[in-house]
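Numbering (full-length UniProt numbering), first residue to last: 1 to 330. Beta carbons: idealized from backbone N, C-alpha and C, even for Gly.
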């Protein structure tokens, strides 16, 4: 939903109710989650008001119509499910019956799955070969120095794009062996704001340090935008700009446009997770490296979850560490 559409939603009772809910939960959820709830439910309010339907409380017919309308627009399964999740959450926080649980809404979701396919589209994982191709495609100017630091930092940290742009230069702690620890102050699943330490090996740190020195960055955001004239900006790099950077480098490297279209800011995160599994890392280790809270989340970001069974080392390590049997029915 564009900003114009959001602004068109009048300050109705539904909008007032949404504001009240967001105020109620603001200390319990991350700013990104709150923004997503707000944007997704505002779109639902806008949809309902155009049709003179109630959005809060919503009935099952309104939600089912909303699902069908988004399917007709060609929206992805994940996109629609996120919006439906927001509708369910806002009703739950308002102590209202959840319309999403109604059979008509569930049938609408099943129609969506059958029409669009059951395999959700996700970012293409950058394997080591593709990663190296992007690194070589980056130039030797200030843009290329920044882009290589971005790639290395994204791949080594497994950070989400909004987490990457929030990393600060003053949170770097040097080790004697040339590696560093970088403190990530908060993340998507870090609801208590405890943060975590990210290990950057010496070779990765070399790229990041080269960028910091070239840009004369001593504090503030590590990743920043650059003007067309080559001046490094004080503001953090925009999360959306990471997508454009990866695609620009991919085209320069000669990637097919079909592959370019599947690349996104999540490609380093997905690719790094795949490489860790291939190298024999346990599922728990990958979860810790990437800040995942649930095993299912890790497998969702691995393009083909069944790929893990192709690696005996991973299977042996994982099931020994969890005490489960490795005799899996497939």
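Exercise. In the structure shown, what three-state DSSP assignment does residue 16 receive?
Worked result: DSSP places residue 16 within a helical segment (H, G or I) once states are collapsed to three.
Problem set entry | Cross-strand partners of residue 183 (DSSP beta bridge) | 197
Exercise. Rounded C-beta distance between residue 56 and residue 89? I'm assuming under 8 Å.
Worked result: With a Cβ gap of about 12 Å, residue 56 and residue 89 do not count as contacting.
Exercise. Could you give the C-beta distance for residue 254 and residue 126, rounded to a whole number, given that I count them as a contact under 8 Å?
Worked result: Not quite, the Cβ-Cβ distance comes to about 15 Å (not below 8 Å), so this is no contact.
For this session: Drop a sphere of 10 angstroms on the beta-carbon of residue 8, count the other beta-carbons inside from all chains shown, and report buried for 16 or more, exposed for fewer.
Result: In this predicted model, residue 8 has a pLDDT of only 44, less than 50, meaning its place in the structure is not dependable; the value taken from the coordinates is given anyway. Exposed.
Exercise. By Cβ distance below 6 Å, which residues in the same chain neighbour residue 70 in space, the five residues on each side in sequence not counted?
Worked result: These residues qualify, in order along the chain: 80.
Problem set entry | Minimum length 3: unbroken beta strand (DSSP E) runs contained in the stretch 232-271 | 232-236
For this session: Starting from the Cα of residue 217, find the closest Cα among 233, 43, 173 and 206 and give me that residue.
Result: 233
For this session: Run the CB neighbour count on residue 156, radius 10 Å, all protein chains shown included, and call it buried at 16 or more, exposed below.
Result: The Cβ neighbour count for residue 156, taken over all protein chains shown within 10 Å, is at least 16; the residue is labelled buried.
Problem set entry | residue 146, enclosing alpha helix (DSSP H) - first and last residue | 142-157
Problem set entry | Collapsed DSSP secondary structure at residue 77 in the structure displayed | helix
Exercise. Where does residue 56 fall in DSSP's three states?
Worked result: Three-state result, residue 56: coil.
Exercise. Which of helix, strand or coil does DSSP assign to residue 160?
Worked result: Secondary structure at residue 160: coil, using DSSP grouped into helix, strand and coil.
Exercise. Around the Cβ of residue 186, are there at least 16 other Cβ atoms within 10 angstroms (buried) or fewer (exposed)?
Worked result: buried
For this session: Helix, strand or coil for residue 280, going by three-state DSSP, please let me know.
Result: Coil, per DSSP.
For this session: Could you pull out every residue in the same chain whose Cβ sits closer than 6 Å to the Cβ of residue 146, ignoring the five residues on either side in sequence?
Result: 211
For this session: Drop a sphere of 10 angstroms on the beta-carbon of residue 320, count the other beta-carbons inside from all chains shown, and report buried for 16 or more, exposed for fewer.
Result: Its pLDDT being 47, under 50, residue 320 is placed unreliably in this model, and the value from its coordinates should be taken loosely. Exposed: under 16 other Cβ atoms inside 10 Å.
For this session: Please state if the CB of residue 290 and the CB of residue 269 are separated by a distance shorter than 8 Å.
Result: yes
Exercise. Going by the beta-carbon positions, is the gap between residue 124 and residue 42 smaller than 8 Å?
Worked result: no
Problem set entry | 6 Å CB neighbourhood of residue 242 in its chain, flanking five on each side removed | 161 and 265
Exercise. Can you tell me where the alpha helix (DSSP H) with residue 222 in it begins and where it stops?
Worked result: Per DSSP, residue 222 belongs to no alpha helix (DSSP H) and is neither H nor E.
Problem set entry | C-beta atoms of residue 164 and residue 151 nearer than 8 Å | no
Exercise. Got a sec: does the ligand ADP put a non-hydrogen atom nearer than 7 Å to the Cβ of residue 35?
Worked result: As far as ligands go, the structure on display features none, and thus does not contain the ligand ADP.
Exercise. Taking Cβ to Cβ, would you say residue 214 is nearer than 8 Å to residue 224?
Worked result: no
Problem set entry | Exposure of residue 245, with buried meaning 16 or more beta-carbon neighbours within 10 Å | With 16 or more other Cβ atoms within 10 Å, it is buried.
Exercise. Taking C-alpha atoms, which residue in 131, 83 and 149 lies nearest to residue 40?
Worked result: 83
Exercise. Taking the C-alpha atoms as reference points, what is the distance between residue 297 and residue 86?
Worked result: 18 Å
Exercise. Residues in its own chain within less than 7 Å of residue 128 by CB, not counting five upstream and five downstream?
Worked result: 275
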